[in-house]
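Following the UniProt record's numbering, the numbering of the sequence shown begins with 1 at its first residue and continues without gaps.
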Amino acid sequence: MRQPNLSDIALFAAVVEAGGFRAAAQRRGTSASSLSDCVRRLEQELGVRLLNRTTRGLTPTEIGARLLERLRPALDEINAALNDLQEDPQHPVGSLRLHVPGVIARHILPPLLDGFLARYPGIALEVNMDNTFIDVIGAGYDAGIRYEESLAKDMIAIPIGPRRQCFMAVAAPSYLQRHGTPQHPGELSEHRLLGYRFASGKLGVWEFEQDGRTLRIAPEGRLVSSSQDLLIAAACTGHGILYTFEEYIAAHLASGQLQPILHDWWQHFEGPYLYYHSRRHVPAPLRAFVDYVKALNTPDHSSQSPK
């Protein structure tokens, strides 16, 4: 058997990670046809089929998956060695792509990024705000930010932002004057509820907790939206009760536009995590961001506390 070209193997891995020739070509700055030729050449040299090609996309064959599992650590080491020749750890240069949910992009990242961008002028940052769960690494992002319950086991997770958060039930004083203040989540069925619809089409369910009990309520009221801003505005003008992240409504609580209710039933949960793949080489921009976040997690930083 002829010894295959190492470059063809690396391109085969890139196609699998991207989920197709077109996506891989965009990341590599080449054409889809040239990547297809490389994979065909590799299959001919090895004498096996590496990819299942269908109208719905590409997936590795069983042999192709086994080959990648064995070779990926070696490919990562080669990339790491080549990158180390060019990287200056004190002055990293390159791009960093993050995938984060809305509450992170609006209320947790802004104060953190101010210092990070000032410290590392050679890093170009791209932040995509999206509340849907996707394969962040497969989609071409360097890292993402999520809450612990949605993290895959093969990810490295670093605490970022506040370590305790909660959902708060609120309503405008005018609404409570007209409709009364509920004293128990079970009374919410008699009220107008403002519901959030995820991009997937799923309606967000409200979960209330007390003494080990959890009550789940589907807010199927007169107003449902995928816009938190719209729901908050509707709550402020007295259209109903809202249950959402504390960070979204802190200013409205301080101004008196919204009033907290059902305080003893609010759902509290652990704060978010920055995560990235444990088996991939960590590029210099991501390494710098991870180190910056870890430094903020130390006890001498009042803005964030350790896990």
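Built from N, CA and C at the ideal position, the CB exists for glycine as well.
**Asked** In the structure shown, what three-state DSSP assignment does ARG70 receive?
**Response** Position 70 of the sequence shown, counted from the first residue, corresponds to residue 70. Helix, per DSSP.
**Prompt:** Less than 8 Å separating the beta-carbons of MET129 and ALA105?
**Reply:** In the sequence shown, residue 129 corresponds to position 129, counting from 1. In the sequence shown, residue 105 corresponds to position 105, counting from 1. Their beta carbons are under 8 Å apart, which means MET129 touches ALA105 by this criterion.
**Residue interval of the beta strand (DSSP E) (run including PHE208)** = Working through the sequence shown from its first residue, we reach residue 208 at position 208. For PHE208, the enclosing beta strand (DSSP E) begins and ends at 206-210.
**Prompt:** Under 8 Å between the Cβ atoms of LEU242 and ILE232?
**Reply:** Here residue 242 refers to the residue found at position 242 when the sequence shown is read from its first residue. Here residue 232 refers to the residue found at position 232 when the sequence shown is read from its first residue. Contact: yes.
**Prompt:** ILE145 and VAL100: beta carbons closer than 8 Å?
**Reply:** Residue 145 sits at position 145 when you count from the first residue of the sequence shown. Residue 100 sits at position 100 when you count from the first residue of the sequence shown. Cβ atoms of ILE145 and VAL100: closer than 8 Å.
**Request:** Tell me whether GLU220 is buried or exposed, calling it buried when 16 or more other Cβ atoms sit within 10 Å of its Cβ.
**Result:** Locating residue 220 in the sequence shown gives position 220, where the first residue counts as 1. Classification for GLU220: exposed.
**Proximity of GLN259 and PHE208 at Cβ, strictly below 8 Å** = In the sequence shown, counting from the first residue as 1, residue 259 sits at position 259. In the sequence shown, counting from the first residue as 1, residue 208 sits at position 208. Cβ distance not < 8 Å, so GLN259 and PHE208 don't count as in contact.
**Asked** So, are the CB atoms of LEU262 and PRO182 less than 8 Å apart?
**Response** On the sequence shown, residue 262 is found 262 positions in, with the first residue counted as 1. On the sequence shown, residue 182 is found 182 positions in, with the first residue counted as 1. Taking 8 Å as the Cβ cut-off, LEU262 and PRO182 qualify as a contacting pair.
**Residue from VAL103, ASP154 and ASP76 with nearest C-alpha to ASN131** = Against the sequence shown, residue 131 aligns to sequence position 131. Residue VAL103 is the option with its Cα nearest to ASN131.
**Message:** Applying the 10 Å Cβ sphere with the 16-neighbour rule, what's the burial state of ILE78?
**Reply:** Within the sequence shown, the letter at position 78 stands for residue 78. Exposed.
**Asked** Who pairs with GLY6 in a beta bridge, going by DSSP?
**Response** Counting from 1 along the sequence shown, the entry for residue 6 is found at position 6. For clarity, residue 6 is Leu in the given sequence; the question names Gly instead. Paired residues: none, contrary to the question.
**Request:** Mind reading off the beta-carbon distance from ILE123 to LEU98? Whole number of angstroms is fine, and I expect it under 8 Å.
**Result:** Here the question's residue 123 lines up with position 123 in the sequence shown. Here the question's residue 98 lines up with position 98 in the sequence shown. Contact doesn't hold; Cβ gap of about 12 Å is too wide.
**Request:** Return the CA-CA distance between ARG178 and PRO121, expressed in angstroms with no decimal places.
**Result:** Walking along the sequence shown from the start, residue 178 turns up at place 178. Walking along the sequence shown from the start, residue 121 turns up at place 121. Spanning the two alpha carbons is a distance of roughly 54 Å.
**Message:** So, at 6 Å on beta carbons, what are the nonlocal neighbours of SER36 in its own chain, with the 5 sequence-adjacent residues on each side left out?
**Reply:** Translated into positions along the sequence shown, residue 36 becomes position 36. Shown here for SER36: same chain residues with a beta carbon closer than 6 Å to its own, the five before and five after excluded, namely PHE21 in chain order.
**Message:** Given this structure, state the Cα-to-Cα distance separating ARG72 from ALA25, to the nearest angstrom.
**Reply:** As a first step, residue 72 must be located in the sequence shown, where it is residue number 72. As a first step, residue 25 must be located in the sequence shown, where it is residue number 25. In a straight line, the C-alpha of ARG72 is about 19 Å away from that of ALA25.
**When SER34, VAL16 and LEU42 are compared against LEU6, the one with the closest alpha-carbon** = Here residue 6 refers to the residue found at position 6 of the sequence shown. Among SER34, VAL16 and LEU42, the Cα nearest to that of LEU6 belongs to LEU42.
**Asked** Going by the C-beta, is ILE156 closer than 7 Å to any heavy atom of the ligand GTP?
**Response** Absence of the ligand GTP is noted for the structure shown, with no ligands found whatsoever.
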